[in-house]
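Peer 1:
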Amino acid sequence: MDLFKGFADIKIDVLKEVGNIGAGNAATALSRLLDKPIDMAVPKVQMLPFEAVADTVGGAESVVLAVFLRVEGDAPGNLFFVLSPEAAKKLVRRLAGIHVESEEEFSEMEWSALSEIGNILAGSYLSSLADFTSLAMLPTVPALAMDMAGAILGYGLLQSGEMGDSALLIDTTFIEDQQEVEGQFFLIPDPESFDKIFTALGVPMND
Amino acid sequence: MIEEQRIVKVGMADLNIIQQSGLIRTTGLGSCVGLTLYDPVVKVAGLAHVMLPASTIAREGSLNIAKYADTAVPALLQQLLAAGAEQRRIVAKMAGGSQMFTFAGTGDSLRIGPRNVESCKDKLSELGIPLLAEDTGGNYGRTIELDCETGILFIRSVQKGVKEL
């Protein structure tokens, strides 16, 4: 995408900070819910061809659980919170105290607990980002799905698709006890949102 | 030991063909549509992984014709013809176009799956290519594979296993 060819390091750093702020607040929210420390890896800001996007969560066919919400307002985009089914099971077991009956399937109760957790985390990601940038970022009602990663994340690439064949991902991973991946946040801003984010954060636009 | 079959992979917003034998495959179709064209006589099979319905919405500098239904279908047809297929024998099958997430609202981008399907159908009928079978819609992802020898389309999904068209 031509738009990103000349991305200066400062812009990449700013987008990393966007991931830091958003996911940092979501991690705090999660660790409060779990009453355990949740750490975060350094955010990755990557321009990826569509093909490679699903590889960040294990490939197009790997089954993942995802909370998706569309961001509307000044800087529109797509926000995903992606979990492996195992991590999702662990989360409902610990958090909601739900007795897990099957490791493969999700009961209605578990599903609704996950959707609520997703709501809380995605909401805190977005509200902290809106505060940080002073941009209006309004979440749509989050939706939950479990399916092939390619099919799920593909949904977040449509707006980027009108501009080119790659998308910019701000990818932040939650970690517990130094190793276990608890979930991953992806923010995929629409192409026209970048200028608004940069301007809001005082990045000079002439480079 | 069975000889390993040749597999041609088609990525998102991409198209390709295969001849004689082997499989042509694309993975993780959600709202995207996997459209296949096939000439059973010369055994040429083509597959396009279509992402968006119409190239009129494109704002990119150089148009990727494989990405849009209205440009991908004719382009794929051209590739089949160039490989020796005859238009009157070509038949189509397709899968995908689902709605992965259910929302309260029904904005235009949320209906992208069904719109991709409609746009592919419009283009096929415009080109006079019969659509033999389809497995479209729903709310789940699909991986599809067309067998170049038989023209059978295999569709795999997480919930429903494998289906043949």
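Protein chains in written order, with my numbering: chain A, -16 to 190; chain B, 245 to 409.
Note that CB positions come from ideal geometry on N, CA and C, so glycine has one too.
(1) I'd like the ranges of any alpha helix (DSSP H) spanning at least 4 consecutive residues and lying wholly in the region 73 to 135 of chain A.
(2) Would you check if there are 3 or more beta carbon pairs closer than 8 Å linking the region 148 to 158 of chain A to the region 28 to 35 of chain A?
(3) Beta-carbon within less than 6 Å of A/Asp190's beta-carbon, same chain only, minus the 5 sequence neighbours each way: which residues are those?
(4) Using a 10 Å radius around the Cβ and a threshold of 16 neighbouring Cβ atoms, would you call B/Ile388 buried or exposed?
(5) Within a Cβ cutoff of 6 Å, which residues of the same chain sit near A/Leu109, ignoring the five residues on either side of it in sequence?
(6) Based on the DSSP secondary-structure assignment, which residues constitute the bridge partners of A/Asp(-8)?
(7) In the structure shown, what three-state DSSP assignment does B/Ser363 receive?
(8) Name the chain B residues whose beta carbon is nearer than 9 Å to that of A/Leu141?
(9) To the nearest angstrom, how far is the alpha carbon of B/Val321 from that of B/Gln331?
(10) So what does DSSP say about B/Arg386, is it helix, strand or coil?
(11) Relative to the alpha-carbon of A/Val40, which residue among A/Pro59, A/Asp22, A/Phe63 and A/Thr182 has its alpha-carbon at the smallest distance?
(12) Is A/Val54 close to chain B, meaning its C-beta is less than 8 Å from at least one C-beta of that chain?
(13) Quick check on the DSSP output: what are the complete alpha helix (DSSP H) runs of length 4 or more inside the region 276 to 327 of chain B, in order along the chain?
(14) With a threshold of 7 Å, establish whether the CB of A/Ala24 neighbours any heavy atom of the ligand SAH.
(15) Cβ atoms of A/Ser98 and A/Pro59: under 8 Å apart, would you say?
(16) Output needed in chain order: residues of the region 16 to 35 of chain A with a Cβ under 9 Å from some Cβ in chain B.
(17) For A/Ser14 and A/Gly106, I'd like the C-alpha separation in whole angstroms.
Peer 2: Taking the geometry as given:
(1) 91 to 116
(2) yes
(3) Along the first sequence, one-based indexing puts residue 190 of chain A at 207. Here A/Asp190 scores only 49 on pLDDT, less than 50, and its place in the model is too uncertain to base an answer on.
(4) Here residue 388 of chain B corresponds to residue number 144 of the second sequence, with the count starting at 1. So B/Ile388 counts as buried.
(5) Against the first sequence, residue 109 of chain A aligns to sequence position 126. Met120 and Pro122.
(6) As a working note, residue -8 of chain A is residue 9 in the first sequence. Partner(s): none; A/Asp(-8) has no beta bridge.
(7) Numbered from its first residue, the second sequence carries residue 363 of chain B at position 119. The answer is helix: DSSP assigns B/Ser363 an H, G or I state.
(8) If you number the first sequence from 1, residue 141 of chain A lands on position 158. The contacting residues are Ser275, Met295, Leu296, Ser353 and Ile356.
(9) As a first step, residue 321 of chain B must be located in the second sequence, where it is residue number 77. As a first step, residue 331 of chain B must be located in the second sequence, where it is residue number 87. One point to set straight first is that residue 321 of chain B is Leu, not Val, in the sequence displayed. One C-alpha to the other measures close to 8 Å.
(10) Taking the first residue of the second sequence as position 1, residue 386 of chain B is located at position 142. Note: B/Arg386 maps to strand in three-state DSSP.
(11) On the first sequence, position 57 is the one that residue 40 of chain A refers to. Of the candidates A/Pro59, A/Asp22, A/Phe63 and A/Thr182, the one whose C-alpha sits nearest the C-alpha of A/Val40 is A/Phe63.
(12) The residue you call residue 54 of chain A lines up with position 71 of the first sequence. No, A/Val54 lies away from the interface with chain B (no Cβ there is under 8 Å from its Cβ).
(13) 313 to 326
(14) This structure does not include the ligand SAH; it has no bound ligands of any sort.
(15) For the purposes of this step, residue 59 of chain A is taken as residue 76 along the first sequence, with counting starting at 1. For the purposes of this step, residue 98 of chain A is taken as residue 115 along the first sequence, with counting starting at 1. No, the pair does not count as a contact, with Cβ atoms beyond the cut-off.
(16) Pro32, Phe33 and Glu34
(17) Numbered from 1 along the first sequence, position 31 holds the residue referred to as residue 14 of chain A. Numbered from 1 along the first sequence, position 123 holds the residue referred to as residue 106 of chain A. Distance between the alpha carbons of A/Ser14 and A/Gly106: 15 Å.
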